[in-house]
Amino acid sequence: MPKISLNIGILILAAGASKRMGVPKQMLNWGNTSLLSHAIETALGVVPKEIVVILGANYDVLKKDIKDYPVTVLNNLDWDKGLGTSIAKGVSYFENTQFPINGVLIMLADQPFVTSSFLESIIKNFVPNKNQIIATFYEEGKYGVPAIFDKVYFEELMALRDDYGAKYLLKKYESQVINLIPSLKNIDLDTQEDYKNAHNSKFKN
Numbered sequence: 247m248p249k250i251s252l253n254i255g256i257l258i259l260a261a262g263a264s265k266r267m268g269v270p271k272q273m274l275n276w277g278n279t280s281l282l283s284h285a286i287e288t289a290l291g292v293v294p295k296e297i298v299v300i301l302g303a304n305y306d307v308l309k310k311d312i313k314d315y316p317v318t319v320l321n322n323l324d325w326d327k328g329l330g331t332s333i334a335k336g337v338s339y340f341e342n343t344q345f346p347i348n349g350v351l352i353m354l355a356d357q358p359f360v361t362s363s364f365l366e367s368i369i370k371n372f373v374p375n376k377n378q379i380i381a382t383f384y385e386e387g388k389y390g391v392p393a394i395f396d397k398v399y400f401e402e403l404m405a406l407r408d409d410y411g412a413k414y415l416l417k418k419y420e421s422q423v424i425n426l427i428p429s430l431k432n433i434d435l436d437t438q439e440d441y442k443n444a445h446n447s448k449f450k451n
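By the count of my numbering, the sequence shown reaches residue 451 at its end, each step adding exactly one.
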């Protein structure tokens with residue numbers, strides 16, 4: 247099956263300090279690689295226009311870990327002010343690129359069950375210049391990232407400043423949101439227990 251060819255940028259958020267985990271979770275093992283590297287490889291599977299990785303806490307060690315990947319790495323010096331600052335920095339980069347961007351797909355480094363095929367399904371459902379937001383459906387009627395935002399939302403994404411991230415826009419423009427259900431439970435890994443359970447379920451013998 248041919249890969250999708252759209253002017254879509256992928257933004258991977260990996261700037262947090264992982265305080266609840268106790269260690270930089272971006273570096274935790276996932277198969278033969280780290281969680282962050284796995285997220286990058288998943289994004290590369292859809293052949294986007296460009297991949298931008300936002301780092302912050304533990305910048306030097308994480309940048310070294312991903313130095314061989316064809317991605318743009320940005321350092322969010324305001325990472326401690328919340329997830330919104332990382333989104334704003336990444337979207338600002340795409341807004342100022344010299345090639346046309348129709349939308350940005352935002353994903354997290356700590357959602358290892360997200361697959362390239364699911365990202366492709368998000369992009370396939372996206373129609374540029376229609377004010378669309380394609381988001382991931384969670385349990386209990388909730389939805390969030392991975393999510394793709396049309397360029398019409400870039401100005402508001404660049405204005406984000408707190409830890410609420412893009413959820414504010416998902417709620418504000420709920421009538422424009424299309425929700426997709428992933429084939430596997432899409433979980434964030436915030437604690438050591440989260441990580442151990444997820445790792446065991448994926449790689450148990």
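Just so it is clear, CB atoms sit at the ideal spot from N, CA and C, and this is done for glycine as well. These figures come from a predicted structure and were not determined experimentally.
Asked, Found
"Sequence-distant residues of the same chain with beta carbon closer than 6 angstroms to His445, five excluded per side", "none"
"6 angstroms CB neighbourhood of Ile332 in its chain, flanking five on each side removed", "Checking the sequence shown, residue 332 turns out to be Ser, not Ile. Taken in chain order, the residues that qualify are Leu259, Ala261, Ile300, Asn322."
"Spatial neighbours of Gly434 in its chain, beta-carbon cut-off 8 angstroms, leaving aside the 5 residues before and after", "The sequence shown places Asp at residue 434, not Gly. Excluding positions up to five away in sequence, the list reads Leu354, Asp356, Gln357, Asp440."
"Outcome for Pro316 when other beta-carbon atoms lying within 10 angstroms are tallied against a minimum of 16", "exposed"
"Buried versus exposed call for Gln272 [16 or more other C-beta atoms within 10 Å across all chains shown]", "buried"
"Three-way DSSP call (helix, strand, coil) for Asn371 in this model", "coil"
"Whole-number beta carbon distance between Pro374 and Asp396, since they are thought to touch under 8 angstroms", "7 angstroms"
"Per-residue burial, Phe449 [other beta carbons within 10 Å of its own, 16 or more giving buried]", "exposed"
"Alpha carbon of Asp436 to alpha carbon of Leu290, nearest angstrom", "24 angstroms"
"Counterpart residues of Leu394 in DSSP-defined beta bridges", "Looking at the sequence itself, residue 394 is Ile, so the reference to Leu does not match. Answer by DSSP bridge pairing, in chain order: Leu351, Ile380."
"Where Thr361 sits in the DSSP three-state scheme", "coil"
"Neighbourhood of Gly349 by C-beta distance below 7 angstroms, restricted to the same chain and skipping five residues each side", "Ile254, Phe372, Pro374, Ile394, Phe395, Asp396, Lys397"
"Neighbour-count burial assignment, Ala412, 16 or more Cβ in a 10 Å radius", "buried"
"CA-to-CA distance, Ser421 to Ser264, given in whole angstroms", "33 angstroms"
"Alpha carbon of Ala303 to alpha carbon of Lys370, nearest angstrom", "34 angstroms"
"Candidates Phe359, Leu403, Met404: closest to Thr382 by CA position", "Phe359"
"Nearest-angstrom beta carbon gap, Val337 and Met404 [assumed within contact, 8 angstroms]", "5 angstroms"
"Sequence-distant residues of the same chain with beta carbon closer than 7 angstroms to Lys309, five excluded per side", "Leu301, Val319"
"Cα-Cα separation, Gln378 to Lys417", "13 angstroms"
"Where Ser195 falls: helix, strand or coil (DSSP)", "Absent from the structure is residue 195, since the part of the chain shown begins at 247 and ends at 451."
"Same chain only: Cβ atoms within 7 angstroms of Trp325, ignoring 5 sequence neighbours per side", "Ala261, Gly262, Gly302, Ala303, Thr331, Ser332"
"Neighbour-count burial assignment, Ser283, 16 or more Cβ in a 10 Å radius", "buried"
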